[in-house]
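Single-structure report; data block below.
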Amino acid sequence: MLILNKSLLDKMIAQCKKEYPNEACGILAGKSGRGEKVYEMTNADKSAATFLMDPKEQLKAMKEIRALNLEMIGIYHSHVASCAYPSSHDVEMAFYPEVSYLIVSLKGMNDPVIGSFKIVEGKITEEDINLV
Amino acid sequence: MKITIILNGKKEAVEDGTNVLKLLGHKFIRPEVVTVELNEKILEKPKYGETILKEGDRIEFVYYMGGGSYAVRP
Numbered sequence: 016m017l018i019l020n021k022s023l024l025d026k027m028i029a030q031c032k033k034e035y036p037n038e039a040c041g042i043l044a045g046k047s048g049r050g051e052k053v054y055e056m057t058n059a060d061k062s063a064a065t066f067l068m069d070p071k072e073q074l075k076a077m078k079e080i081r082a083l084n085l086e087m088i089g090i091y092h093s094h095v096a097s098c099a100y101p102s103s104h105d106v107e108m109a110f111y112p113e114v115s116y117l118i119v120s121l122k123g124m125n126d127p128v129i130g131s132f133k134i135v136e137g138k139i140t141e142e143d144i145n146l147v
Numbered sequence: 008m009k010i011t012i013i014l015n016g017k018k019e020a021v022e023d024g025t026n027v028l029k030l031l032g033h034k035f036i037r038p039e040v041v042t043v044e045l046n047e048k049i050l051e052k053p054k055y056g057e058t059i060l061k062e063g064d065r066i067e068f069v070y071y072m073g074g075g076s077y078a079v080r081p
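Here is the structure:
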């Protein structure tokens with residue numbers, strides 16, 4: 016289960032809407048499965064169908080997360096026209112089995128849907144999000 | 008003989024003469040899916056095999072973080 020403060024979720028959704036029609040992406044930092052900080056990242060693909068985080072931003076964020084004594088607990092991105100479920104491309108690019116993969120669906124722009132998943136060796140498992 | 012490097016913020020002893028490609032291999036990391044930074048500069052992939060690590064080198068690696076709705080059914 017992922018524990019997430021509503022303000023962090025709102026921040027992610029706001030970024031996803033701001034980046035629309037392109038996909039947005041970012042990193043969720045925290046500890047013991049509880050989100051504490053959101054890092055908005057640049058989608059280097061600038062695409063409505065794919066995302067790739069800027070590597071320089073990734074390295075910077077990972078160092079800061081470590082300095083704050085936190086961990087990367089999630090990687091999030093938006094699907095602008097499809098459901099909040101990992102695509103085959105998401106699965107191919109899931110290199111961190113220990114983190115949660117969050118997907119914000121903007122299929123209904125006024126009613127975004129978020130899903131959280133663990134992706135381990137190609138197997139997708141949905142997990143609950145406990146909003147606090 | 009071993010040297011000490013800082014790998015993702017942690018000290019690690021590696022054999023003297025180890026190059027970046029060999030280090031990734033020891034960690035079971037596919038070089039084609041990571042970005043490697045050596046002493047604050049991103050290292051180009053073709054240089055992984057020719058870059059020999061030195062005492063005190065600070066090396067960071069991050070897996071690519073990507074994906075997207077491509078190929079998903081609406």
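Quick mapping for you: the protein sequence lines, in order, are chains W and X. Residue numbering for the first sequence follows the working numbering, starting at 16 and increasing by one per position. Residue numbering for the second sequence follows the working numbering, starting at 8 and increasing by one per position. Cβ coordinates follow ideal geometry from the N, Cα and C atoms, glycine included. On a predicted model such as this, the values are computed, not experimentally measured, just so you know.
Under 7 Å Cβ-Cβ, which residues of chain X neighbour residue i?
{"i": "Tyr111(W)", "result": "Tyr70"}
{"i": "Phe66(W)", "result": "Gly73, Gly74 and Gly75"}
What first and last residue would you give for the beta strand (DSSP E) that runs through residue i?
{"i": "Met16(W)", "result": "First-last for Met16(W): undefined, no H or E at that position."}
{"i": "Thr41(X)", "result": "Before going further, note that residue 41(X) is Val rather than Thr in the sequence given. From DSSP, the beta strand (DSSP E) with Val41(X) extends over Val41 to Leu45."}
{"i": "Ala96(W)", "result": "Segment: none, Ala96(W) is in no beta strand (DSSP E) and carries neither H nor E."}
{"i": "Glu67(X)", "result": "Arg65 to Tyr70"}
{"i": "Val128(W)", "result": "Val128 to Val135"}
{"i": "Lys52(X)", "result": "No beta strand (DSSP E) contains Lys52(X), which DSSP labels as neither H nor E."}
Tell me the residue span of the alpha helix (DSSP H) that contains residue i.
{"i": "Ala20(X)", "result": "Looking at the DSSP string, Ala20(X) is not in any alpha helix (DSSP H); the run it does join, the beta strand (DSSP E), is Lys17 to Glu22."}
{"i": "Glu141(W)", "result": "No alpha helix (DSSP H) holds Glu141(W); the beta strand (DSSP E) holding it covers Lys138 to Glu142."}
{"i": "Leu74(W)", "result": "Pro70 to Ala82"}
{"i": "Val119(W)", "result": "Unbroken run through Val119(W) is the beta strand (DSSP E), Ser115 to Ser120; no alpha helix (DSSP H)."}
{"i": "Glu107(W)", "result": "Ser103 to Glu107"}
Given that residue i touches chain X, what residues does it touch there, using C-beta distances under 9 Å?
{"i": "Val95(W)", "result": "Ser76"}
{"i": "Ser62(W)", "result": "Gly75 and Tyr77"}
If distances are taken between C-alpha atoms only, which option among the options comes closest to residue i?
{"i": "Phe66(W)", "options": "Thr25(X), Tyr77(X) and Asp23(X)", "result": "Tyr77(X)"}
{"i": "Ser93(W)", "options": "Ser22(W), Phe132(W), Cys31(W) and Leu74(W)", "result": "Cys31(W)"}
{"i": "Gly45(W)", "options": "Gly137(W), Leu121(W) and Ile18(W)", "result": "Ile18(W)"}
{"i": "Leu52(X)", "options": "Ala20(X), Lys9(X) and Asn26(X)", "result": "The sequence shown places Lys at residue 52(X), not Leu. Nearest C-alpha to Lys52(X): Asn26(X)."}
{"i": "Ala39(W)", "options": "His104(W), Lys61(W), Lys75(W) and Pro112(W)", "result": "Lys61(W)"}
{"i": "Lys133(W)", "options": "Met108(W), Pro127(W), Gly123(W) and Asn125(W)", "result": "Met108(W)"}
{"i": "Gly137(W)", "options": "Met56(W), Met124(W), Arg49(W) and Val106(W)", "result": "Val106(W)"}
Name the one or two DSSP bridge partners that residue i has.
{"i": "Thr11(X)", "result": "Ala20(X)"}
{"i": "Ile36(X)", "result": "Answer by DSSP bridge pairing: none, since Ile36(X) is not bridged."}
{"i": "Ala44(W)", "result": "Lys52(W) and Met87(W)"}
{"i": "Asn37(W)", "result": "Answer by DSSP bridge pairing: none, since Asn37(W) is not bridged."}
{"i": "Ile59(X)", "result": "Asn26(X)"}
What in chain W is Cβ-close to residue i, meaning under 9 Å?
{"i": "Glu67(X)", "result": "Leu74, Met77 and Lys78"}
{"i": "Ile49(X)", "result": "Pro70, Lys71 and Leu74"}
Output, in chain order, the set of chain X residues within a Cβ distance shorter than 8 Å of residue i.
{"i": "Ile90(W)", "result": "Met72"}
Using the beta-carbon of each residue, which ones in chain W are nearer than 8 Å to residue i?
{"i": "Val21(X)", "result": "Near Val21(X) there are no residues of chain W at all, since even the closest Cβ is about 20 Å away, more than 8 Å."}
Would you kindly check if the distance between the Cβ of residue j and the Cβ of residue i is under 8 Å?
{"i": "Gly89(W)", "j": "Leu146(W)", "result": "no"}
{"i": "Val119(W)", "j": "Ala99(W)", "result": "yes"}
{"i": "Tyr91(W)", "j": "Leu117(W)", "result": "yes"}
{"i": "Leu14(X)", "j": "Ile59(X)", "result": "no"}
{"i": "Asp143(W)", "j": "Met16(W)", "result": "yes"}
Going along chain W, which residues have a C-beta under 7 Å from residue i?
{"i": "Val27(X)", "result": "Those do not exist, as Val27(X) stays about 15 Å from chain W at its closest Cβ, beyond 7 Å."}
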